[in-house]
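Reading through the structure tokens given below for one structure.
Protein chains: 2
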Amino acid sequence: MTTDDHVVFIVDDDGRIREALGELLEAHGMRAIAFGSAGEYVNAEKPDVPACLILDVELPDINGLELQRQIAVGDHPPIVFITGHGDIPSSVRAIKRGAVDFLTKPFSDGDLMVAVHTAISEDRKKRSERAELSQLRQRYLELTPREREVLPLVVSGLLNKQAASELGISEVTLQIHRRNMMQKMGTASLADLVRIAERLEIPVNHSRRGGGN
Amino acid sequence: MTTDDHVVFIVDDDGRIREALGELLEAHGMRAIAFGSAGEYVNAEKPDVPACLILDVELPDINGLELQRQIAVGDHPPIVFITGHGDIPSSVRAIKRGAVDFLTKPFSDGDLMVAVHTAISEDRKKRSERAELSQLRQRYLELTPREREVLPLVVSGLLNKQAASELGISEVTLQIHRRNMMQKMGTASLADLVRIAERLEIPVNHSRRGGGN
DNA sequence: GCCGAATACATGGATTTCCATAGGTTGCGG
DNA sequence: CCGCAACCTATGGAAATCCATGTATTCGGC
């Protein structure tokens with residue numbers, strides 16, 4: 104892990120904590136960027152790399168749990184909460200909402216580093232999955248309306264003539280749309296297409312009656 | 104929700120707590136079964152219905168978190184922890200390991216009931232998914248060794264002749280195995296089979312080179 | 001008006017899948 | 001030895017999919 108392929112954000116109003124954490128992370132070969140308030144963090148330009156957010160619960164401008172709730176609407180780095188005055192309901196809520204850990208001060212350097220590594224590893228995985236899904240979604244959006252209608256019928260396993268009947272068109276036309284759709288989706292086989300449709304959570308409302316594939 | 108289609112297990116060494124919780128749950132039309140120790144609970148015959156486990160952290164025979172860890176190897180009801188002396192690391196660990204909630208005494212009846220309903224609802228969903236998956240796995244186990252070899256090749260989208268080549272057999276033989284396999288798996292189409300293979304997490308190591316489905 | 005995209009339909013033909021039927025070999029258990 | 005399961009192969013033929021190519025209509029943008 105080099106300092107260019109990840110980043111650790113530190114949000115704590117206590118300058119000494121920011122400095123101590125920054126030094127700890129850099130001593131472990133990690134890149135750290137610190138902020139004194141949630142507002143600063145939210146408004147800052149951020150590198151597009153796997154990340155972790157070390158977040159103090161008691162911030163001057165907003166409660167850390169509230170910030171977690173707010174940033175949850177978009178893509179955001181996994182959170183490692185740190186707090187000097189935590190309570191159990193808060194910790195439960197934080198973890199249920201996806202935080203990687205909830206550490207009470209004083210916490211050990213080791214615990215923090217484990218949490219940070221877990222968070223960055225998690226973010227790396229999620230970002231990769233999101234990128235792939237985003238690409239598939241883009242392909243889906245490039246389909247014509249008709250092609251988009253044909254897709255769920257095809258992946259549900261209907262024969263071409265059955266799918267054509269569902270749309271009230273000829274089988275020949277259905278075949279054309281099907282072919283164009285599969286080309287745009289970049290799939291060489293029906294099997295590939297079915298898997299992509301699953302990834303995109305496209306509903307399957309039909310089923311073939313009777314034999315064969 | 105009738106008292107026949109679910110159950111709430113209570114494991115607490117304090118008889119008054121067991122009684123109070125039992126009465127609360129029954130006042131809400133729920134069925135409750137109480138145990139004074141983890142050993143009692145583990146050894147008891149349990150109804151095969153959606154359930155919730157209200158688990159005290161400080162038990163005489165074992166720590167509640169340790170019991171969570173032990174029962175995690177099998178199918179077990181979602182846990183709602185209750186405790187009079189909890190600490191944040193314990194609560195974090197409990198939630199991370201899948202507990203529905205971690206309530207510190209004195210907790211409100213409302214909080215407990217919400218947690219219990221969430222747990223039972225969750226268990227109902229998981230049990231349904233597990234039953235379905237178990238059935239699919241049973242079908243998979245009924246395949247002959249050859250049929251089991253053919254399945255991943257087919258769902259990867261290979262042409263029959265390509266799959267046959269992979270196994271060093273004739274295309275005709277591959278077709279026979281394919282047909283028998285799809286019948287045993289209860290699938291009417293390749294699309295259905297692909298979805299089932301995904302559910303069973305059968306690895307796909309091949310891909311068709313070139314056009315068509 | 002022209003052009004391109006989207007949609008519809010068609011033909012001719014090749015390839016693949018599917019089906020029904022038949023036959024053979026090997027290994028295991030009763 | 002016999003029956004059965006598992007595996008292998010084949011034929012003949014029907015159905016489905018795929019491909020290449022062509023035509024026509026409508027709509028929107030330039």
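As you go down the protein sequences, you meet chains Z and W in turn. Remember, the numbering used here sits 103 above the position in the first sequence when you count from 1. Remember, the numbering used here sits 103 above the position in the second sequence when you count from 1. Heads up, the beta-carbon is just placed ideally off N, CA and C, and yes, glycines get one too.
### Query
So, is arginine 119(W) buried or exposed, given that buried needs 16 or more other C-beta atoms within 10 angstroms?
exposed
### Query
Listed in chain order, which residues of the stretch 188–210 of chain W have Cβ atoms closer than 7 Å to some Cβ of chain Z?
Gly189, Ile191, Ser194, Val195, Ile198, Lys199, Asp204, Phe205, Thr207
### Task
Measure the alpha-carbon distance for valine 258(Z) versus proline 181(W) and round it to whole angstroms.
35 Å
### Task
Could you tell me the distance, in whole angstroms, from the CA atom of serine 286(Z) to the CA atom of leucine 262(Z)?
The question names serine, yet the displayed sequence has glutamine at residue 286(Z). Looking at the two C-alpha atoms, the distance is approximately 19 Å.
### Message
If you follow the beta strand (DSSP E) that alanine 197(W) is in, where does it begin and where does it stop?
### Response
Run containing alanine 197(W): none in the beta strand (DSSP E); it sits in the alpha helix (DSSP H), 191–199.
### Query
asparagine 166(Z) bridges to which residues according to DSSP?
Glu161(Z)
### Query
Measuring CA to CA, which of Thr186(Z), Ser231(Z), Ser194(Z) is closest to serine 211(Z)?
Thr186(Z)
### Message
Among Asp116(W), Leu270(W), Glu245(W), Asp204(W), whose alpha-carbon lies nearest the alpha-carbon of asparagine 283(W)?
### Response
Nearest of Asp116(W), Leu270(W), Glu245(W), Asp204(W) to asparagine 283(W), Cα basis: Glu245(W).
### Task
Given a cut-off of 8 Å, decide if isoleucine 136(Z) and valine 160(Z) are closer than it, judged by their beta-carbon atoms.
No, Cβ-Cβ distance for valine 160(Z) and isoleucine 136(Z) is not below 8 Å.
### Query
Of the residues that make up the stretch 291–308 of chain Z, which ones have a beta carbon closer than 7 Å to any beta carbon in chain W?
Listed by position, the residues of the stretch 291–308 of chain Z near chain W (Cβ gap below 7 Å) are Ala291, Ser292, Leu293, Ala294, Asp295, Val297, Arg298, Glu301.
### Message
From the DSSP secondary-structure annotation, give me the bridge partner or partners of threonine 186(Z).
### Response
Thr207(Z)
### Task
Please compile the residues from chain W whose C-beta is within a distance smaller than 8 Å of the C-beta of valine 258(Z).
Ala294
### Message
Contact criterion: CB-CB distance below 8 Å. Does glycine 314(W) meet it with respect to chain Z?
### Response
Caution is warranted here: a pLDDT of 43 is assigned to glycine 314(W), below 50, making its placement in the model unreliable, and the coordinate value is therefore given only provisionally. Answer yes: the Cβ-Cβ gap between glycine 314(W) and chain Z drops below 8 Å somewhere.
### Query
Should arginine 172(Z) be flagged as near chain W, meaning a C-beta pair shorter than 8 Å?
No, because no Cβ of chain W sits closer than 8 Å to the Cβ of arginine 172(Z).
### Query
When you compare only the Cα positions, how much space is there between phenylalanine 184(W) and lysine 229(Z)?
30 Å
### Query
Roughly how far, in whole angstroms, is the beta-carbon of valine 195(W) from the beta-carbon of serine 194(Z), given that I think they are within contact range, below 8 Å?
Yes, they are in contact, since the Cβ atoms of valine 195(W) and serine 194(Z) sit about 5 Å apart, within 8 Å.
### Task
Would you identify the three-state DSSP class for isoleucine 305(Z), choosing helix, strand or coil?
coil
### Task
Taking only the alpha-carbon atoms, compute the straight-line gap between asparagine 316(Z) and alanine 300(W) and give it to the nearest angstrom.
In this predicted model, asparagine 316(Z) has a pLDDT of only 44, less than 50, meaning its place in the structure is not dependable; the value taken from the coordinates is given anyway. Between asparagine 316(Z) and alanine 300(W), the C-alpha separation is close to 15 Å.
### Message
Here's the rule: buried if 16 or more other CB atoms are within 10 angstroms of the residue's CB, otherwise exposed. What is valine 253(Z)?
### Response
So valine 253(Z) ends up on the buried side.
### Query
Under three-state DSSP, which class holds isoleucine 113(W)?
strand
### Task
Give me the Cα-Cα distance between leucine 303(W) and leucine 168(Z), rounded to the nearest whole angstrom.
38 Å
### Query
Grouping DSSP H, G and I as helix and E and B as strand, with all else coil, what is isoleucine 272(W)?
The three-state reading of DSSP puts isoleucine 272(W) in coil, since its state is none of H, G, I, E or B.
### Message
Going by DSSP in three states, leucine 156(W) sits in which element: helix, strand or coil?
### Response
strand
### Query
Taking the beta strand (DSSP E) that alanine 137(Z) falls in, what are its first and last residues?
That run of the beta strand (DSSP E) goes 135–138.
### Message
Using only the alpha-carbon positions, how far apart do glutamate 148(W) and aspartate 226(W) sit?
### Response
The C-alpha of aspartate 226(W) is placed about 18 Å away from the C-alpha of glutamate 148(W).
### Query
In three-state DSSP terms, what is aspartate 107(Z)?
coil
### glycine 189(Z) versus alanine 218(W) - alpha carbon distance
22 Å
### Query
Is there at least one Cβ from chain W nearer than 8 Å to arginine 311(Z)'s Cβ?
yes
### Message
Suppose contacts are defined by Cβ-Cβ distances below 8 Å. Is valine 297(W) in contact with alanine 266(Z) by that definition?
### Response
no
### Task
Could you say which of His220(Z), Gly271(Z), His131(Z), Lys208(Z) lies nearest to cysteine 155(Z) if we only look at CA atoms?
His220(Z)
### Message
If you measure between the beta carbons of threonine 207(W) and isoleucine 198(Z), is that distance less than 8 Å?
### Response
no
### Task
Report all residues from its chain with a CB closer than 6 Å to the CB of leucine 170(W); omit the five preceding and five following residues, and keep chain order.
Ala141
### Message
Measuring straight from C-alpha to C-alpha, what distance separates glycine 271(Z) and arginine 281(Z)?
### Response
15 Å
### Task
Using 10 angstroms around the beta-carbon of proline 153(Z), count the other beta-carbons present and answer buried if the total reaches 16, otherwise exposed.
Here proline 153(Z) is buried, its C-beta having at least 16 other C-beta atoms within 10 Å.
### Task
Quick one: grab the DSSP three-state call for leucine 246(Z).
If DSSP states are grouped into helix, strand and coil, leucine 246(Z) belongs with coil.
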